[in-house]
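I have placed the structure first, in the form of structure tokens, so that the comments after it can refer back to it.
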Amino acid sequence: MLIGGLQKTSLLDYPDKVSAIIFTIGCNFRCGFCYNSHLVTAVKRAKIITEDEVFKFLKARKKILDAVVLTGGEPTRQKDLPDFIDKVKELGYLVKLDTNGTNPKMLKKLIKNKLVDYLAMDIKGPLPKYAKIANVSVSLLNIKKSIRLIMDSGLPYEFRSTILPALHNRQDLIAMAELISGARKYFLQKFMTGDNLNNREFKKLPSFTNKEMKELAKSCSAEVKLCSVR
């Protein structure tokens, strides 16, 4: 596993659990608004964290932590992800996976082998805009397969979207909600500017206002059981 970051404690990333977050290196998307450029477009190999370091930490924190969140980057690009998760679960931790949905084959394997306890998938935009937003060619079939796998998994799950006026409008959001129609939870996340964005030009772009975010969430509510702003 190529690991580029370890957040030792989070009260937010796994619902109702105290978790640690492991950030994997590498992603097949190049979303301009991504704030993890150090894991995607500005990787510094000197900062790679070894698996031994991670497991030493997890063993020491067993009485404090409930869960481990795997995010990135895109964790499903790591070929040894199942073996890594198996070791995490041997320590007694719950595992949450964050994914962009481009690798349904890996997702299916993890679900089948009971290696994940909670799933979260990013919905980047309506299908016709996916390639534009991700800045790469995207298999829309894989995106749809992953959505169906997650919704049929029987596991707790959520979908979420980071949105901004330069890329998304109200009709886009409705189309995105329709893509996951019937989903339990859909969270809209406001674009936040910063120095670590994949595309520095995005620093100049505005975000939706809080009022606009709430209105967009309301527009999506007809398609999903819960849509709220995070």
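Residue 89 in UniProt numbering sits at position 89 of the sequence shown, with consecutive numbering throughout.
A virtual CB, placed ideally from N, CA and C, is assigned to each residue, including glycine.
Computed from a predicted structure; not experimentally measured.
Need the endpoints of the beta strand (DSSP E) that residue i sits in, please.
{"i": "C227", "result": "227-229"}
{"i": "K8", "result": "3-10"}
{"i": "V40", "result": "From DSSP, V40 is part of no beta strand (DSSP E) but of the alpha helix (DSSP H) over 37-40."}
{"i": "I22", "result": "19-24"}
{"i": "L70", "result": "67-71"}
{"i": "T162", "result": "157-163"}
In whole angstroms, what is the alpha-carbon distance linking residue i and residue j?
{"i": "K145", "j": "N36", "result": "26 Å"}
{"i": "A222", "j": "L119", "result": "22 Å"}
{"i": "V43", "j": "L81", "result": "19 Å"}
{"i": "K105", "j": "Q171", "result": "31 Å"}
{"i": "D66", "j": "D195", "result": "32 Å"}
{"i": "A229", "j": "A177", "result": "A small correction: the amino acid at residue 229 is Val; Ala does not occupy that position in the sequence shown. In a straight line, the C-alpha of V229 is about 14 Å away from that of A177."}
{"i": "L39", "j": "D13", "result": "18 Å"}
{"i": "E158", "j": "L107", "result": "15 Å"}
{"i": "N113", "j": "M121", "result": "19 Å"}
{"i": "N210", "j": "L141", "result": "33 Å"}
{"i": "T162", "j": "A175", "result": "15 Å"}
{"i": "D83", "j": "V54", "result": "14 Å"}
{"i": "T9", "j": "K17", "result": "10 Å"}
{"i": "A217", "j": "T193", "result": "21 Å"}
{"i": "R45", "j": "E215", "result": "43 Å"}
{"i": "S153", "j": "T99", "result": "15 Å"}
{"i": "P206", "j": "K87", "result": "43 Å"}
{"i": "I49", "j": "K132", "result": "32 Å"}
{"i": "L58", "j": "T76", "result": "21 Å"}
{"i": "L167", "j": "N103", "result": "24 Å"}
Taking 8 Å as the cut-off, decide whether the C-beta atoms of residue i and residue j are in contact.
{"i": "G32", "j": "N199", "result": "yes"}
{"i": "L127", "j": "L164", "result": "no"}
{"i": "I22", "j": "L2", "result": "no"}
{"i": "L173", "j": "M213", "result": "no"}
{"i": "V95", "j": "D117", "result": "yes"}
{"i": "E74", "j": "N135", "result": "no"}
{"i": "I143", "j": "G101", "result": "yes"}
{"i": "L70", "j": "I111", "result": "no"}
{"i": "N226", "j": "C34", "result": "Looking at the sequence itself, residue 226 is Leu, so the reference to Asn does not match. No, these two residues do not count as a Cβ contact at 8 Å."}
{"i": "K63", "j": "L91", "result": "no"}
{"i": "K202", "j": "K190", "result": "Going by the sequence as given, residue 202 is Phe instead of Lys. Result no, Cβ atoms of F202 and K190 do not sit closer than 8 Å."}
Closest to residue i by CA distance: which of the options is it?
{"i": "L97", "options": "A177, T9, S19", "result": "S19"}
{"i": "G4", "options": "I150, I85, L226, T41", "result": "T41"}
{"i": "L11", "options": "V68, K47, I48", "result": "V68"}
{"i": "P15", "options": "P156, F84, D52", "result": "P156"}
{"i": "Y93", "options": "R77, K79, L115", "result": "L115"}
{"i": "G125", "options": "C220, I48, T24, K17", "result": "C220"}
{"i": "R184", "options": "I25, T99, I147, I85", "result": "I147"}
Where does the unbroken alpha helix (DSSP H) through residue i begin, and where does it stop?
{"i": "A60", "result": "51-60"}
{"i": "R148", "result": "140-151"}
{"i": "Y130", "result": "130-134"}
Examine the ligand GTP and report whether any of its heavy atoms sits within less than 7 Å of the Cβ of residue i.
{"i": "V40", "result": "Among the components of this structure there are no ligands whatsoever, and the ligand GTP is therefore not found."}
Extract the residue ranges of the alpha helix (DSSP H) inside the stretch 172-210, only unbroken runs of 4 or more that lie entirely within it.
Taking only runs of at least 4 residues, no alpha helix (DSSP H) segment lies wholly in the stretch 172-210.
Starting from the N-terminal side, write out each stretch of the beta strand (DSSP E) that is 3 residues or longer and does not extend beyond the stretch 80-126.
Inside the stretch 80-126, DSSP marks whole beta strand (DSSP E) runs of 3 or more residues at positions 94-99, 118-122, from first to last along the chain.
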